[in-house]
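*Asks:* Protein chains in written order, with full-length UniProt numbering: chain A, 1 to 330; chain B, 1 to 167; chain C, 1 to 504.
The C-beta atom is built at its ideal place from N, Cα and C for all residues, glycine as well.
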Amino acid sequence: MKLRSIFAGALLALTAISGPALAEYPERTIESILPAGAGPALSVSQIIAEAMSKELGVPLTVLATPGAGGIKAFQTGLNKPADGYTIIDGYVAPLVLQPILKKADWNFEDFIPLHAAASNAFAIGWRTDETRWSSFEEMMAWGRENPGKLRYSSGQRNNLPHLVMARVLQSYQVVAQNVPYKSPPAANNDVKSGILDFAFVNVGNYKQDPEALKIGLVLSEQPAAKAAFGGAPSIAEIDADLGISGLAPMGWDWWLVKKDTPADRVETLRAAMGKAMNDPDVRAKIERMGFVPLDWDHTNYVEIVSGVRDQLSTMADAIKWEEDALKAVK
Amino acid sequence: MIGSLKVGRRFAEWCAAALMLVLVALVFQQIRDVLAPAGMAEGGPYDNAAAYPRGVAMVLLGLVALQIVVQLVSRGSLNERGFRLDRFTRPAVIILIFGLYLGLLGTLGYHVASAPMLFAIMAACGSRQWGQMIAFSLGISFGLAWFFESQLDVVLPGGIFNLNIPW
Amino acid sequence: MFDMLLNGLGLVASLSTVILVGAGLVIGLLVGALPGLGPLMGIILLLPYAITFPPVQAMGFLIAIYVGGSCGGAISAILLRIPGTPLAAATLFDGYPMAQKGRAADAIGIAISASAIGGAFGGLILILFSPSLAAFAAGFGPPEYALLAITGLTAIAAVSDQSMLKGLIAGAAGLLLATIGTDEFTAAERFTFGLFELSNGFNIVAIVVGLFAISEMSSLLTGDDLLKRPELSVARPGFRSAFLVLKRWPNLLRSSTIGACVGALPGAGGVISSFTAYAVAKTFAKPEERYGEGAEGGIVASESANNATAGGALVPTLALGIPGDAATAVLIGALLILGVFPGPTLFAQHSDIVGGIFLVYMLANVALFVVGILMTPLFVYVLRLRKVILIPTVLLLCAIGTFAVGSSIFDLWVMFAFGFVGLILRAGGYPLAPMVIGVILGPLLENNVRRSLLLSNDGLQIFIERPVSATLLFINVALLICVAVFALRRLTAGRKPDILQGSA
Numbered sequence: 001m002k003l004r005s006i007f008a009g010a011l012l013a014l015t016a017i018s019g020p021a022l023a024e025y026p027e028r029t030i031e032s033i034l035p036a037g038a039g040p041a042l043s044v045s046q047i048i049a050e051a052m053s054k055e056l057g058v059p060l061t062v063l064a065t066p067g068a069g070g071i072k073a074f075q076t077g078l079n080k081p082a083d084g085y086t087i088i089d090g091y092v093a094p095l096v097l098q099p100i101l102k103k104a105d106w107n108f109e110d111f112i113p114l115h116a117a118a119s120n121a122f123a124i125g126w127r128t129d130e131t132r133w134s135s136f137e138e139m140m141a142w143g144r145e146n147p148g149k150l151r152y153s154s155g156q157r158n159n160l161p162h163l164v165m166a167r168v169l170q171s172y173q174v175v176a177q178n179v180p181y182k183s184p185p186a187a188n189n190d191v192k193s194g195i196l197d198f199a200f201v202n203v204g205n206y207k208q209d210p211e212a213l214k215i216g217l218v219l220s221e222q223p224a225a226k227a228a229f230g231g232a233p234s235i236a237e238i239d240a241d242l243g244i245s246g247l248a249p250m251g252w253d254w255w256l257v258k259k260d261t262p263a264d265r266v267e268t269l270r271a272a273m274g275k276a277m278n279d280p281d282v283r284a285k286i287e288r289m290g291f292v293p294l295d296w297d298h299t300n301y302v303e304i305v306s307g308v309r310d311q312l313s314t315m316a317d318a319i320k321w322e323e324d325a326l327k328a329v330k
Numbered sequence: 001m002i003g004s005l006k007v008g009r010r011f012a013e014w015c016a017a018a019l020m021l022v023l024v025a026l027v028f029q030q031i032r033d034v035l036a037p038a039g040m041a042e043g044g045p046y047d048n049a050a051a052y053p054r055g056v057a058m059v060l061l062g063l064v065a066l067q068i069v070v071q072l073v074s075r076g077s078l079n080e081r082g083f084r085l086d087r088f089t090r091p092a093v094i095i096l097i098f099g100l101y102l103g104l105l106g107t108l109g110y111h112v113a114s115a116p117m118l119f120a121i122m123a124a125c126g127s128r129q130w131g132q133m134i135a136f137s138l139g140i141s142f143g144l145a146w147f148f149e150s151q152l153d154v155v156l157p158g159g160i161f162n163l164n165i166p167w
Numbered sequence: 001m002f003d004m005l006l007n008g009l010g011l012v013a014s015l016s017t018v019i020l021v022g023a024g025l026v027i028g029l030l031v032g033a034l035p036g037l038g039p040l041m042g043i044i045l046l047l048p049y050a051i052t053f054p055p056v057q058a059m060g061f062l063i064a065i066y067v068g069g070s071c072g073g074a075i076s077a078i079l080l081r082i083p084g085t086p087l088a089a090a091t092l093f094d095g096y097p098m099a100q101k102g103r104a105a106d107a108i109g110i111a112i113s114a115s116a117i118g119g120a121f122g123g124l125i126l127i128l129f130s131p132s133l134a135a136f137a138a139g140f141g142p143p144e145y146a147l148l149a150i151t152g153l154t155a156i157a158a159v160s161d162q163s164m165l166k167g168l169i170a171g172a173a174g175l176l177l178a179t180i181g182t183d184e185f186t187a188a189e190r191f192t193f194g195l196f197e198l199s200n201g202f203n204i205v206a207i208v209v210g211l212f213a214i215s216e217m218s219s220l221l222t223g224d225d226l227l228k229r230p231e232l233s234v235a236r237p238g239f240r241s242a243f244l245v246l247k248r249w250p251n252l253l254r255s256s257t258i259g260a261c262v263g264a265l266p267g268a269g270g271v272i273s274s275f276t277a278y279a280v281a282k283t284f285a286k287p288e289e290r291y292g293e294g295a296e297g298g299i300v301a302s303e304s305a306n307n308a309t310a311g312g313a314l315v316p317t318l319a320l321g322i323p324g325d326a327a328t329a330v331l332i333g334a335l336l337i338l339g340v341f342p343g344p345t346l347f348a349q350h351s352d353i354v355g356g357i358f359l360v361y362m363l364a365n366v367a368l369f370v371v372g373i374l375m376t377p378l379f380v381y382v383l384r385l386r387k388v389i390l391i392p393t394v395l396l397l398c399a400i401g402t403f404a405v406g407s408s409i410f411d412l413w414v415m416f417a418f419g420f421v422g423l424i425l426r427a428g429g430y431p432l433a434p435m436v437i438g439v440i441l442g443p444l445l446e447n448n449v450r451r452s453l454l455l456s457n458d459g460l461q462i463f464i465e466r467p468v469s470a471t472l473l474f475i476n477v478a479l480l481i482c483v484a485v486f487a488l489r490r491l492t493a494g495r496k497p498d499i500l501q502g503s504a
């Protein structure tokens with residue numbers, strides 16, 4: 001009897017101090033689920049999270065959840081309640097690319113957008129003492145003469161850089177072998193030591209040692225991306241028309257919450273993220289990581305993301321083309 | 001009486017060998033029924049996800065076979081001490097409590113489930129100082145919650161009641 | 001080099017740096033000692049706080065967590081037979097028996113001193129050889145990593161002692177468990193049974209905590225002294241434990257070198273180095289040292305190696321901008337946020353920052369010794385707890401610590417399931433550590449073998465054409481022959497049941 005009353009008392013006290021309906025949102029730690037492991041993307045998300053945390057007055061932690069090309073993080077987020085305490089860091093791969101590749105059954109419109117976060121451009125680079133070619137067009141010519149001989153890395157297989165690079169190679173009818181690497185810096189290292197012929201390079205890795213790799217082609221037509229890679233030639237300057245522009249060939253993320261999240265909580269989060277993304281200090285930190293802070297708020301979400309989806313959909317066959325062509329060469 | 005039955009190293013060795021055989025069998029079953037139909041069990045290193053696990057499974061199978069032979073051959077040479085089965089009652093009860101706790105953690109949440117779990121394990125260990133047990137259970141569960149939630153910003157399971165303490 | 005350190009001194013010499021390093025160490029020791037959380041999670045959780053400071057101070061704080069966390073796991077391994085982090089799995093072999101003999105404080109003192117000295121040695125290597133070591137590491141490609149993984153696997157033979165066959169079985173099972181998840185090459189899921197929670201494989205922390213903690217708690221529970229206060233006279237550890245470590249200087253030097261070199265190879269990591277160093281130390285040891293029964297040398301080897309690995313891992317991180325392990329990947333992120341780009345340019349343009357980071361790393365190791373020894377009585381107090389309190393508390397800690405790593409209840413079930421695996425294996429006389437080695441080395445082995453074959457069009461010549469790879473291949477063959485000869489000698493010595501049956 002005595003025992004039970006003590007326990008009941010403790011429970012009552014607990015409910016009193018944490019009854020979710022009574023208190024003002026947010027009242028406890030919010031989690032943002034990132035579809036990547038430790039690396040630059042984690043740092044960028046932590047910068048934004050820290051700034052939002054100051055706005056909201058509660059901690060906002062980033063949970064690095066790699067696995068299955070980002071699907072694990074999305075699933076994890078979708079399995080949490082729609083109470084505004086879980087943010088899904090909507091990177092393009094799980095948000096748009098995986099549904100196109102039929103690996104995920106959601107649509108980008110199944111989520112409520114908060115604000116766009118950051119984008120990062122990719123480029124193709126090879127080692128500085130390369131003697132077989134000195135420009136991208138020359139490398140493509142070499143590749144056409146030696147089908148199946150070129151070895152490159154896009155990081156993981158079937159990721160966004162792979163799709164874009166396969167599309168570029170397809171438009172030149174060059175058959176090359178992608179060698180998957182979990183860590184992009186490791187792939188870059190193997191390019192430098194001559195094991196690979198070329199690899200995708202992101203701005204952060206390029207900036208750490210601009211002398212180590214020659215940037216042959218920036219995979220974005222945007223002037224800012226070209227500038228970030230030291231003015232290297234971009235896809236706007238090559239002969240082939242790839243039909244990709246804007247955010248489509250880049251990595252980017254848009255912070256999202258689950259459908260059914262209460263509207264007032266969504267507004268609170270949107271306001272906090274909007275402020276964070278406009279903070280000059282936050283922008284400067286993101287830019288130092290080699291990422292570009294994005295200005296779009298939730299009103300632009302459908303337009304921007306559907307544009308990317310439409311472009312990526314037209315490219316979806318490039319990876320399949322590469323696989324078939326490789327088998328034919330062998 | 002079941003309690004007076006003796007189990008020992010020999011029994012555990014057979015269990016371990018069986019566990020390993022199950023692992024090997026699962027690998028082969030998955031390769032045949034899941035990877036092969038998906039085209040992931042053929043081709044070169046780029047496309048074949050089954051070759052390496054199959055190779056390791058074969059090695060494991062060989063090693064387990066050798067181990068089983070050793071177990072058969074060394075029968076009798078091993079001085080089997082054995083333990084009376086009733087010695088394992090307490091660990092079994094406590095593992096059961098812990099399993100129950102893990103099962104209920106997602107539903108009840110950390111703050112509701114933890115103190116009773118601590119209390120129950122203390123009781124299963126034979127303690128009968130009820131007041132002290134309650135104090136320890138509440139103290140330990142809330143103390144650890146404070147450290148993890150307020151110092152490390154970890155969100156502990158809230159359960160269906162969404163109980164989380166805003167420290 | 002000297003200029004670099006001198007320039008860096010200006011950035012380090014402040015009270016706030018010392019306080020940050022001290023705070024980082026306390027946090028690191030705690031997250032390391034608690035089962036589950038480890039240095040990586042500690043760094044991730046505190047990065048937002050760290051980046052509010054200038055670069056060198058922020059690095060001091062984060063590096064201190066890294067250093068403290070790499071050592072903290074030893075404390076729970078020694079006291080509870082549960083490695084607080086996978087890094088400490090090799091410390092358990094001698095640390096726990098030593099504690100059982102009433103020398104817990106000495107064991108922890110040795111672990112902390114060896115960590116501090118090994119870490120400082122790794123730091124010296126970092127300072128003296130950073131550029132050349134980085135160049136050496138940059139030459140490592142897929143074939144070399146594949147062979148390195150095999151070298152690591154031979155450590156199984158040493159750590160499974162008298163039950164080599166069982167050790168190999170546990171190791172092979174570990175390799176298989178590591179194949180669960182998303183296959184890096186086909187980008188498709190493998191052995192996940194349709195569970196998205198398995199799409200990144202089992203969480204290694206859940207495996208380690210489950211294997212060791214549940215079986216250990218169960219074995220404590222079979223005792224009859226659950227309610228009694230342990231009558232243990234626990235001596236205060238003194239700063240003299242440093243002498244116990246320094247007395248074993250050849251072991252210390254050798255293990256630290258192994259640690260620093262393995263650390264310098266991106267992706268290899270502290271688990272490999274601590275097991276390898278332990279295996280080597282045991283091979284060189286005299287029989288009367290009785291490794292596995294509480295030999296001081298065993299703790300010295302594994303702890304100096306895993307902390308030297310932290311120093312080694314900073315080599316490619318700073319000199320090449322390639323993270324040495326997951327924890328240093330987060331450190332790179334912190335540096336980038338603060339506007340510092342690790343890589344050759346950093347050495348050329350901001351040598352003061354490089355010097356400053358070198359110095360805070362050394363400071364962290366020196367401070368680890370002081371803070372660690374001062375905190376030891378607090379940890380050793382655990383041994384005075386009655387088991388009726390200790391057991392439920394440890395089980396709860398295992399649950400929250402494992403949950404906190406991925407915020408996943410599924411991981412808790414993995415831990416629970418591996419608890420049963422651990423129980424069965426331990427009861428059957430199987431060593432548990434080889435399974436951990438297998439799980440850690442599995443991806444390194446599989447992915448680099450497949451990458452090598454992809455690069456060479458399925459030819460095996462890639463393993464002999466490259467000089468470093470050929471050398472490693474030679475070393476591996478020599479090691480395997482040694483292991484085989486060793487096993488045969490014992491067989492012919494008529495101790496067959498020992499080799500094949502082993503001890504628990």
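Could you tell me whether the Cβ of D105 (chain A) comes closer than 8 Å to any Cβ of chain C?
*Replies:* D105 (chain A) does not count as touching chain C.
*Asks:* Could you tell me if the beta carbon of K54 (chain A) falls within a distance shorter than 7 Å of some heavy atom in the ligand ZN?
*Replies:* With respect to the ligand ZN, the structure shown offers nothing to examine, as it has no ligands at all.
*Asks:* Going by DSSP, what residue range makes up the alpha helix (DSSP H) through Q30 (chain B)?
*Replies:* Q30 (chain B) -> alpha helix (DSSP H) spans R9 to Q30.
*Asks:* Should Q177 (chain A) be flagged as near chain C, meaning a C-beta pair shorter than 8 Å?
*Replies:* Yes - at least one Cβ of chain C is within 8 Å of the one on Q177 (chain A).
*Asks:* If you draw a straight line from the alpha carbon of residue 545 (chain C) to that of V300 (chain C), how long is it in whole angstroms?
*Replies:* The displayed coordinates of chain C run from 1 to 504. Any statement about residue 545 (chain C) would go beyond what the structure contains.
*Asks:* Quickly, what does DSSP pair K214 (chain A) with across the bridge? List them, please.
*Replies:* Looking at the DSSP assignment, K214 (chain A) forms a beta bridge with A:W126.
*Asks:* Going by Cα to Cα distance, which pick from C:N448, C:P344, C:V360 and C:A33 is closest to P210 (chain A)?
*Replies:* Selected option, being the one with the closest Cα: C:P344.
*Asks:* Between L56 (chain A) and chain C, is the shortest Cβ-Cβ distance under 8 Å, so that the two count as touching?
*Replies:* No - not a single Cβ of chain C is within 8 Å of the one on L56 (chain A).
*Asks:* Quick one: does F341 (chain C) have its CB under 8 Å from some CB of chain A?
*Replies:* Yes, because at least one Cβ of chain A sits closer than 8 Å to the Cβ of F341 (chain C).
*Asks:* Mapping DSSP to helix, strand and coil, what is P266 (chain C)?
*Replies:* If DSSP states are grouped into helix, strand and coil, P266 (chain C) belongs with coil.
*Asks:* Is it the case that the Cβ atoms of V179 (chain A) and R451 (chain C) are separated by a distance below 8 Å?
*Replies:* It is a contact, given that the beta carbons lie within the stated cut-off.
*Asks:* Can you give the Cα-Cα distance for N164 (chain B) and V271 (chain C), rounded to whole angstroms?
*Replies:* Those two C-alpha atoms are separated by around 36 Å.
*Asks:* For Q129 (chain B), does the count of other Cβ atoms within 10 angstroms reach 16, so buried, or fall short, so exposed?
*Replies:* The residue is exposed, with fewer than 16 neighbouring Cβ atoms inside 10 Å.
*Asks:* Going by the DSSP bridge assignment, what does Y301 (chain A) pair with across the sheet?
*Replies:* Paired residues: none, contrary to the question.
*Asks:* Could you name the residues that DSSP lists as bridge partners for V62 (chain A)?
*Replies:* Partner(s): A:S32.
*Asks:* Using DSSP's beta-bridge definition, name the partner residues of M176 (chain A).
*Replies:* For clarity, residue 176 (chain A) is Ala in the given sequence; the question names Met instead. Answer is A:L150.
*Asks:* For A12 (chain B), return the contacting residues in chain C, with the cut-off set at a CB-CB distance below 7 Å.
*Replies:* In chain order: I424, A427 and G428.
*Asks:* Between E27 (chain A) and chain B, is the shortest Cβ-Cβ distance under 8 Å, so that the two count as touching?
*Replies:* Taking Cβ atoms only, chain B reaches closer than 8 Å to E27 (chain A), which makes this a yes.
*Asks:* How would you label V154 (chain B), buried or exposed, when you count the other beta carbons within 10 angstroms and need 16 or more for buried?
*Replies:* V154 (chain B) should be labelled buried.
*Asks:* Starting from S218 (chain C), trace the alpha helix (DSSP H) in both directions and tell me its first and last residue.
*Replies:* It spans S215 to L221 - the alpha helix (DSSP H) in which S218 (chain C) sits, taken as one unbroken run.
*Asks:* Within 8 Å (strictly less), CB to CB, does P59 (chain A) reach chain B?
*Replies:* For P59 (chain A), the answer is yes, since a Cβ of chain B falls inside 8 Å of its Cβ.
*Asks:* Residues of chain B with CB closer than 9 Å to the CB of E446 (chain C), please, in chain order.
*Replies:* The contacting residues are Y52, P53 and V56.
*Asks:* Which chain C residues are close to D190 (chain A), counting only those with a beta carbon under 8 Å from its beta carbon?
*Replies:* Within chain C, the residues near D190 (chain A) are G141 and P142.
*Asks:* Which chain A residues are close to R451 (chain C), counting only those with a beta carbon under 7 Å from its beta carbon?
*Replies:* Neighbours of R451 (chain C) on chain A, chain order: V179.
*Asks:* Whose C-beta lies closer than 8 Å to the C-beta of A367 (chain C) among residues of the same chain, with five residues either side of it excluded?
*Replies:* For A367 (chain C), where only same-chain residues beyond five positions count, the Cβ hits under 8 Å are V18, V21, G22, L25 and A64.
*Asks:* Excluding the 5 residues flanking A21 (chain A) on each side, which residues of the same chain have their C-beta closer than 8 Å to its C-beta?
*Replies:* Residue confidence for A21 (chain A) is low, a pLDDT of 47 falling below 50, so the modelled location carries little weight; the figure read from the coordinates is stated next. Hits under 8 Å: none found.
*Asks:* Per DSSP, P250 (chain C) forms a beta bridge with which residues?
*Replies:* Bridge partners of P250 (chain C): none, in fact.
*Asks:* In terms of residues, what are the limits of the beta strand (DSSP E) holding S134 (chain A)?
*Replies:* No beta strand (DSSP E) contains S134 (chain A), which DSSP labels as neither H nor E.
*Asks:* Closest by CA to A158 (chain C), which one among C:A348, C:E197, C:A135 and C:P434?
*Replies:* Checking every option, the nearest Cα to that of A158 (chain C) belongs to C:P434.
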